[in-house]
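Colleague: A single structure is presented below for examination.
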Amino acid sequence: MSDALQKSLVLILLIALGYFLRSKFKSKEMVGGIKELVLTIALPATIFTALMKIPLDRSLMIVPLITILFNIFIFYVIPPVLGFFTIDKDSPTGRSILMLMPSLAPGLSAFPFIVEFLGQKSLAMAAMADVGNKVFVLIFLYIFALNLFLKQNKGQKSNLWSKIKSLLISLVKEPINSIIFVAIFLLSIGIGYDALPRLVTDIFDKTSAMMTPLILIFIGLAVELKQSKKRVIVSLLFFRAGVSVLFSAMVIMLFKISDPTQVLLALVIPLSSASFWPFAHISAFNLKEDQLEIPKEKRTFNVEFAVLILAFSLPFSSGLILSILSMGKVFAHLGAIFALGTVLILISVLPVLIAKLSVRFSNSMIKN
């Protein structure tokens with residue numbers, strides 16, 4: 000059995016373990032507890048270890064900027080195609096899609112596979128990419144959501160700068176971001192991982208060892224297979240994945256990336272699942288509309304649909320990333336990447352196109 004196949008089987012079995020343990024985790028709070036353990040302890044420890052073991056490179060600083068460009072790219076690509084998927088972009092459902100699709104959650108959907116297949120240096124770069132993504136989802140998407148809320152509920156007032164200040168504080172206080180800042184500071188003054196006390200490194204090593212199993216079990220626990228509206232959500236996720244792959248291809252060409260590991264890293268980071276942070280913004284404004292007793296059909300966002308996107312996005316992205324990395328260097332070439340992006344887009348649009356043509360054909364037969 001090849002090393003890649005063995006790694007893939009281990010990761011798949013851990014996800015399956017989480018799925019079969021669903022009956023033991025009967026409340027959302029129990030599943031949320033695992034998520035918090037990952038995001039506040041295991042993942043920060045893994046990222047700190049990865050960053051501290053590589054030389055501080057100025058090229059790392061450009062990674063967050065590229066991620067923000069990706070966020071903006073998806074933000075402007077999604078609205079024009081919603082009509083094709085029979086979704087009104089100015090509806091609560093459409094506005095929820097516009098909030099969630101440009102966001103990324105690489106910590107839960109990509110990091111465990113990156114560290115297993117691509118190594119510690121790639122994980123460090125992925126962590127830097129997430130910094131740019133966090134700036135976009137916490138600041139830009141909040142302002143966007145606020146504007147949508149005020150447009151729907153004229154006469155409402157909101158202290159924008161006060162909220163942005165609190166979001167910036169949240170950005171700094173988040174454990175993953177805090178540990179990244181600490182690692183960069185230590186590296187900048189010449190302190191590497193080997194220079195830290197043995198007690199400290201042992202704690203980080205043992206804590207980071209929890210990350211991959213916990214995240215994969217969490218993915219298994221979070222899988223949702225039986226939900227309504229799944230067809231349109233899956234189609235949208237395939238489309239988002241397809242255009243994300245094409246964006247990665249453009250980045251690889253622009254920066255002339257040739258190292259297979261770096262090519263695969265550039266490919267899989269944009270395939271990460273949708274983030275919880277935009278959903279937090281959606282929930283906050285929905286709570287305000289609860290207090291105003293606004294009917295659901297007139298609200299800014301569709302909370303139920305947003306939950307479904309998150310529920311499907313995590314297993315979808317995780318499965319896609321695992322499949323790509325399991326194939327070794329198959330997708331480490333531009334030709335294969337362009338082909339993958341095209342296939343993913345076709346998978347998303349062909350069922351909708353066929354359904355529309357069938358309806359037109361049926362209508363024409365009835366008329367005749």
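All residue numbers in the sequence shown are consecutive under numbering that gives the first Met the number 0, ending with 367. Backbone N, C-alpha and C define an ideal beta-carbon position, used for all residues, glycine too.
(1) Might you give, ordered along the chain, the residues of its own chain that have their beta carbon closer than 6 angstroms to the beta carbon of arginine 298, omitting 5 neighbours on each side?
(2) So is valine 37 buried or exposed if we call it buried at 16+ other beta carbons inside 10 Å?
(3) Please tell me whether threonine 260 and leucine 103 are closer than 8 angstroms, where the distance is taken between their beta carbons.
(4) Put valine 329 into one of helix, strand or coil per three-state DSSP.
(5) Should threonine 45 be labelled buried (16 or more other beta-carbon atoms within 10 Å of its own) or exposed?
(6) Apart from the five residues on each side of it in sequence, which residues of its chain come closer than 7 angstroms, Cβ to Cβ, to serine 108?
(7) Hey, is the stretch 15-22 in contact with the stretch 172-179, meaning 3+ C-beta pairs nearer than 8 angstroms?
(8) Is the Cβ-Cβ distance between glycine 131 and leucine 198 less than 8 angstroms?
(9) Given that a residue counts as buried once 16 or more other Cβ atoms are within 10 Å of its Cβ, and exposed if not, what is asparagine 70?
(10) Restricting to runs no shorter than 4 residues, where is the alpha helix (DSSP H) found entirely within the stretch 190-247?
(11) For threonine 206, I'd like the list of residues in its chain whose CB is within less than 7 angstroms of its CB, leaving aside the five on either flank, ordered along the chain.
(12) Just to confirm, are proline 111 and leucine 97 a CB contact at a threshold of 8 angstroms?
(13) Does aspartate 129 come out as helix, strand or coil in the three-state DSSP assignment?
(14) Leaving aside the five residues before and after leucine 264 along the sequence, list all residues of the same chain whose C-beta is less than 8 angstroms from its C-beta, in chain order.
(15) Tell me where the alpha helix (DSSP H) around methionine 100 begins and ends.
(16) What is the rounded straight-line gap between the Cα of glycine 219 and the Cα of phenylalanine 19?
(17) For tyrosine 141, count neighbouring Cβ atoms within 10 angstroms of its own Cβ and tell me buried if that reaches 16, exposed if not.
(18) Using the C-alpha atoms, what's the distance from lysine 25 back to phenylalanine 304?
(19) Can you list, in chain order, the residues of its chain with a C-beta nearer than 6 angstroms to that of lysine 6? Leave out the 5 residues immediately preceding and following it.
(20) Check aspartate 89 in the structure and name its three-state DSSP category.
(21) Can you tell me the Cβ-Cβ gap for glycine 241 and leucine 343, rounded? I've got them flagged as a contact below 8 angstroms.
(22) Is isoleucine 33 closer than 8 angstroms to leucine 213 when the C-beta atoms are compared?
(23) Less than 6 angstroms between C-beta atoms, sequence neighbours within five positions excluded: which residues of the same chain meet that for glycine 340?
(24) Could you name the residues of the same chain whose beta carbon sits closer than 7 angstroms to that of phenylalanine 203, not counting the 5 residues immediately before and after it, in chain order?
(25) Just to confirm my understanding: we take phenylalanine 284, look at its own chain, exclude 5 residues before and 5 after, and list those with CB closer than 7 angstroms. What are they?
(26) Taking C-alpha atoms, which residue in Leu266, Leu307, Val134 and Phe84 lies nearest to lysine 164?
(27) Taking the beta carbon of alanine 354 as the centre, do at least 16 other beta carbons fall within 10 Å, making it buried, or is it exposed?
Modeller: Let me spell this out:
(1) Pro91 and Glu288
(2) buried
(3) no
(4) coil
(5) buried
(6) Ser271, Ser272, Leu313, Ser316, Ser317 and Ile320
(7) no
(8) no
(9) buried
(10) 197-207 and 210-221
(11) Ile40, Ala41 and Ala44
(12) no
(13) helix
(14) Ile113, Leu117, Ser121, Met124 and Ala125
(15) Element bounds for methionine 100: n/a, residue is neither H nor E.
(16) 8 angstroms
(17) buried
(18) 22 angstroms
(19) Glu115
(20) coil
(21) 3 angstroms
(22) yes
(23) Gly241, Val244 and Leu245
(24) Ala44, Phe47 and Thr48
(25) Ala144, Phe148, Thr299 and Phe300
(26) Val134
(27) exposed
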